[in-house]
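Protein chains in written order, with the UniProt record's numbering: chain A, 1 to 332; chain B, 1 to 332.
All C-beta atoms in this analysis are idealised placements derived from N, C-alpha and C, irrespective of residue type, glycine included.
2 protein chains.
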Amino acid sequence: MNNAPLSPTPRPVCVLGLGLIGGSLVRDLREAGRPVFGWNRSTATVEAATADGVDASTDLVATLHRAAAQDALLVLGVPVPALPTLLEAVAAHAPDCGLTDVVSVKGDVLETVTAHGLAGRYVGGHPMAGTADSGWDATTVGLFRDAVWVVTHDNAQDDPAWVDVWRRVVEMAETTGAVVVPARTAAHDSAVARISHLPHVVAEALSITADRGGALALSLAATSFRDGTRVAGTAPHLVQAMCENNRDALVTALDETLALLTSARDALTDPDDGIGTMAHDGHDARLRYEAFAGRTRETPANRPLIRVQPGAPGWLDQLHYAETLGARIDVF
Amino acid sequence: MNNAPLSPTPRPVCVLGLGLIGGSLVRDLREAGRPVFGWNRSTATVEAATADGVDASTDLVATLHRAAAQDALLVLGVPVPALPTLLEAVAAHAPDCGLTDVVSVKGDVLETVTAHGLAGRYVGGHPMAGTADSGWDATTVGLFRDAVWVVTHDNAQDDPAWVDVWRRVVEMAETTGAVVVPARTAAHDSAVARISHLPHVVAEALSITADRGGALALSLAATSFRDGTRVAGTAPHLVQAMCENNRDALVTALDETLALLTSARDALTDPDDGIGTMAHDGHDARLRYEAFAGRTRETPANRPLIRVQPGAPGWLDQLHYAETLGARIDVF
Numbered sequence: 001m002n003n004a005p006l007s008p009t010p011r012p013v014c015v016l017g018l019g020l021i022g023g024s025l026v027r028d029l030r031e032a033g034r035p036v037f038g039w040n041r042s043t044a045t046v047e048a049a050t051a052d053g054v055d056a057s058t059d060l061v062a063t064l065h066r067a068a069a070q071d072a073l074l075v076l077g078v079p080v081p082a083l084p085t086l087l088e089a090v091a092a093h094a095p096d097c098g099l100t101d102v103v104s105v106k107g108d109v110l111e112t113v114t115a116h117g118l119a120g121r122y123v124g125g126h127p128m129a130g131t132a133d134s135g136w137d138a139t140t141v142g143l144f145r146d147a148v149w150v151v152t153h154d155n156a157q158d159d160p161a162w163v164d165v166w167r168r169v170v171e172m173a174e175t176t177g178a179v180v181v182p183a184r185t186a187a188h189d190s191a192v193a194r195i196s197h198l199p200h201v202v203a204e205a206l207s208i209t210a211d212r213g214g215a216l217a218l219s220l221a222a223t224s225f226r227d228g229t230r231v232a233g234t235a236p237h238l239v240q241a242m243c244e245n246n247r248d249a250l251v252t253a254l255d256e257t258l259a260l261l262t263s264a265r266d267a268l269t270d271p272d273d274g275i276g277t278m279a280h281d282g283h284d285a286r287l288r289y290e291a292f293a294g295r296t297r298e299t300p301a302n303r304p305l306i307r308v309q310p311g312a313p314g315w316l317d318q319l320h321y322a323e324t325l326g327a328r329i330d331v332f
Numbered sequence: 001m002n003n004a005p006l007s008p009t010p011r012p013v014c015v016l017g018l019g020l021i022g023g024s025l026v027r028d029l030r031e032a033g034r035p036v037f038g039w040n041r042s043t044a045t046v047e048a049a050t051a052d053g054v055d056a057s058t059d060l061v062a063t064l065h066r067a068a069a070q071d072a073l074l075v076l077g078v079p080v081p082a083l084p085t086l087l088e089a090v091a092a093h094a095p096d097c098g099l100t101d102v103v104s105v106k107g108d109v110l111e112t113v114t115a116h117g118l119a120g121r122y123v124g125g126h127p128m129a130g131t132a133d134s135g136w137d138a139t140t141v142g143l144f145r146d147a148v149w150v151v152t153h154d155n156a157q158d159d160p161a162w163v164d165v166w167r168r169v170v171e172m173a174e175t176t177g178a179v180v181v182p183a184r185t186a187a188h189d190s191a192v193a194r195i196s197h198l199p200h201v202v203a204e205a206l207s208i209t210a211d212r213g214g215a216l217a218l219s220l221a222a223t224s225f226r227d228g229t230r231v232a233g234t235a236p237h238l239v240q241a242m243c244e245n246n247r248d249a250l251v252t253a254l255d256e257t258l259a260l261l262t263s264a265r266d267a268l269t270d271p272d273d274g275i276g277t278m279a280h281d282g283h284d285a286r287l288r289y290e291a292f293a294g295r296t297r298e299t300p301a302n303r304p305l306i307r308v309q310p311g312a313p314g315w316l317d318q319l320h321y322a323e324t325l326g327a328r329i330d331v332f
């Protein structure tokens, strides 16, 4: 492990919440020799992290004072319902620290951060990685390698201090081996509703419908069913939390899917009609996905690349352009 | 390869249609040393099969005369639209041969077979195996190993000749290494609508909905989307054929899914409600599937087993019992 200080002396990262995502981030930053410390509410988690060599504490106020003194970048790594209490403490004890988060849906977080008067130092983040497991025991080095890490910029400020936070967030994500893709909050939340939350809801419905066919149906199920319902194996409270935190965007996507399925249903009841159009459109859409995501999943370097100079004239336009392409960025 | 004749001299199998399923069946039977010959409409296919050592012909009438003379078991391996013409020839040239098929949906086949006066020697079959590829070039030894091969018995006859056909079909399926699961036509068609055709339709709708989110959505898609839409990569004409051949059962299943998704949608628009119930029910259903199908997929011997003596008193009740359990059968 390379613990040699970088030049100039790097400012630390302070991760608030040491679950799967926050904890794995701490491990990656340590592995890269970056200064990092963390806080978690649970004594058991902090003890486990400490035993693994992590600088962690259960004392939130002391942790925030330390973050403020060292100009740390704060990373919010707690579930959405725990955010208001945590942000209250941040506003009281470390209001000038740069702030980011590793929570999935970005709308609620931005709203809550804004409500606590902290938007001027906030850059949203969403590392798109995870496993079915959770908690410190599930944390691992390399969880984010080649994963997309969405970084938002809705609340971009002319203030160089905000641009500095943005740059630090991108650099932190890159340190983990993630691929940074910029997006605005609404675009991000709509996209994840379509490609993650909707598939979860649909998988639940598919599972229930098959189950009503009894043992025969379950026993005949092959790979189309197994893959199509895999995410119904996710813990229900996690599905509920991710979907309910993104209600508006999910309802929009669900309405589109309902309209498509209703139209397929009607076409199937008409002997002169059928699902040819939908089968073709769905196939085309899947091919577009494979052309983009399949290629870039194997080789992240295949993803379109947009070069960005933070704070330079037109740099936000570059970020918007990258958003429409799903491009990664190269910061210089 | 063991080409030694079994005792008594085994009657041959005659496979009509040498696509992926029919052709792979021919390969398996040859590999097991069973007498088998085949027919295909296309000269190119017959030439390719012959080059691979298969006894094949493009002459349907001659093939059927040979089948009649040798008391062959006829296997229908053509797409549903080609069935009426083929069955007309069977009725004209080999009406007393035992008859089965390897077509997916069983309702249409039974109806067409009955319309051609051939139900008295017919036992339906559905080997649940396949790949995205088709045609002779895709055929392979071992395609059906450990796969479920559904065998139907709606039109069971007291006639010992029908019982003999049923026994021959089961034995042929077992020769390929498949697991025989008995089911009646309606139960089979309802089950495959729920676990195969519905997942295909839903995957098309999911793909289209994500695609409408543009490059950003496609670029953020991870495993939940990839797995949930995998079968949208199936050739559209195959999806169309399988779904449109099972319209009634598919519409019933689709209506149930639409009701579930509509109720989830409404719950998401109510701030006091949410998708907790659906997430729990879907999770429970997936666990039941994993408990049954997951276990039996890895180790087919884990599937419940019902012993059946064809033609013995109560044997059809045993088949119905097996159907409700999704059980395999052991014929003695």
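Q) Given that a residue counts as buried once 16 or more other Cβ atoms are within 10 Å of its Cβ, and exposed if not, what is THR9/B? A) exposed
Q. Residues of chain B with a CB under 7 Å from the CB of ALA217/A: which are they?
A. ALA191, ARG194 and ILE195
Q. Residue ranges of each beta strand (DSSP E) run of no fewer than 3 residues wholly in the segment 48 to 89 of chain A, ordered along the chain?
A. 73 to 76
Q. Under three-state DSSP, which class holds ALA97/B?
A. In the sequence as displayed, the identity of residue 97/B is Cys instead of Ala. It is coil, neither helix nor strand.
Q | Straight-line Cα distance separating LEU305/B from LEU118/B | A | 31 Å
Q: Taking only beta carbons into account, state which residues of the segment 232 to 259 of chain B come closer than 8 Å to chain E, listed in chain order.
A: As a matter of chain content, chain E is missing from the structure shown, whose protein chains are A and B.
Q: Could you work out which residue in ALA264/B, ARG303/B, GLN309/B and THR175/B is closest to GLU31/B when comparing CA atoms only?
A: THR175/B
Q: Would you kindly work out how many angstroms separate the C-alpha atoms of ASP59/B and PRO182/B, rounded to a whole number?
A: 33 Å
Q | CB contact check: TYR289/B to chain A, cutoff 8 Å | A | yes
Q. If you draw a straight line from the C-alpha of HIS200/A to the C-alpha of VAL239/A, how long is it?
A. 7 Å
**Q.** 4 or more residues per run - each alpha helix (DSSP H) lying fully within the segment 203 to 241 of chain B
**A.** 214 to 220 and 223 to 228
Q) Are any of the Cβ atoms in chain B nearer than 8 Å to that of ALA279/A? A) yes
Q: Show which residues of chain B have a CB atom less than 7 Å away from the CB atom of LEU25/A.
A: Result: empty, since nearest Cβ-Cβ is about 18 Å, beyond 7 Å.
(Q) For HIS188/A, report the span of its beta strand (DSSP E) as first-last. (A) Counting along the chain, HIS188/A falls outside any beta strand (DSSP E), though it belongs to the alpha helix (DSSP H) covering 185 to 192.
**Q.** Stretch pair the segment 287 to 296 of chain A + the segment 214 to 231 of chain A: three plus CB contacts closer than 8 Å
**A.** no
Q | Assigned secondary structure, PRO160/A (DSSP; H/G/I helix, E/B strand, else coil) | A | helix
Q: Following the continuous beta strand (DSSP E) through ILE21/A, name the residue where it begins and the one where it ends.
A: Where ILE21/A is concerned, there is no enclosing beta strand (DSSP E), although the alpha helix (DSSP H) it sits in stretches over 20 to 31.
(Q) Buried or exposed, going by whether 16 or more other CB atoms sit within 10 Å of the CB of HIS237/B? (A) exposed
Q. Given 8 Å as the limit, is there contact between the segment 76 to 95 of chain A and the segment 133 to 148 of chain A, that is, 3 or more CB pairs closer than that?
A. no
Q. Would you say GLU323/A faces chain B, with C-beta separation under 8 Å as the test?
A. yes
Q. Hey, does THR112/B have any beta-carbon neighbour from chain A nearer than 8 Å?
A. no
Q.
Would ARG167/B and PRO310/B qualify as a contact pair, given that the criterion is a beta-carbon distance under 8 Å?
A. yes
Q: Since I believe VAL308/A is in contact with ILE275/A (beta carbons under 8 Å), could you give me their beta-carbon distance rounded to a whole number of angstroms?
A: ILE275/A to VAL308/A, Cβ: 44 Å. No contact.
Q: Just the chain A side, please: which residues come within less than 7 Å of ALA198/B by C-beta, in chain order?
A: According to the sequence displayed, residue 198/B carries Leu and not Ala. Chain A residues near LEU198/B: LEU206 and THR209.
Q: Pick helix, strand or coil for ILE329/B, following the three-state DSSP scheme.
A: strand
Q. Is DSSP giving PHE37/B helix, strand or coil here?
A. strand
Q | Proximity below 8 Å, CB of THR85/A to CB of ALA205/B | A | no
Q | Cβ separation of ASP241/A and PRO79/A, assumed to be a contact under 8 Å, to the nearest whole Å | A | The sequence given here has Ala at residue 241/A, not Asp. About 7 Å separates the two Cβ atoms, so the contact holds.
Q | is_contact[ILE306/B, chain A] using C-beta, thresh 8 Å | A | no
Q: To the nearest angstrom, report how far apart HIS280/A and ALA203/B are at their CA atoms.
A: 12 Å
Q) How would you write the range of the alpha helix (DSSP H) that HIS116/A sits in, first residue to last? A) Neither: HIS116/A is in no alpha helix (DSSP H) and is coded neither H nor E.
**Q.** Closer than 8 Å to chain A by CB, ALA187/B
**A.** yes
Q) Using 8 Å as the limit for Cβ to Cβ distance, is ILE275/A near chain B? A) yes
Q: Flag HIS283/A as yes if its beta-carbon sits less than 8 Å from any beta-carbon of chain B, otherwise no.
A: yes
**Q.** Option nearest ASP52/A by Cα separation, candidates ALA68/A, LEU18/A and ALA69/A
**A.** LEU18/A
Q: Please name the residue in ASP137/A, VAL192/A, ALA301/A and ARG212/A whose C-alpha comes closest to that of VAL192/B.
A: ARG212/A
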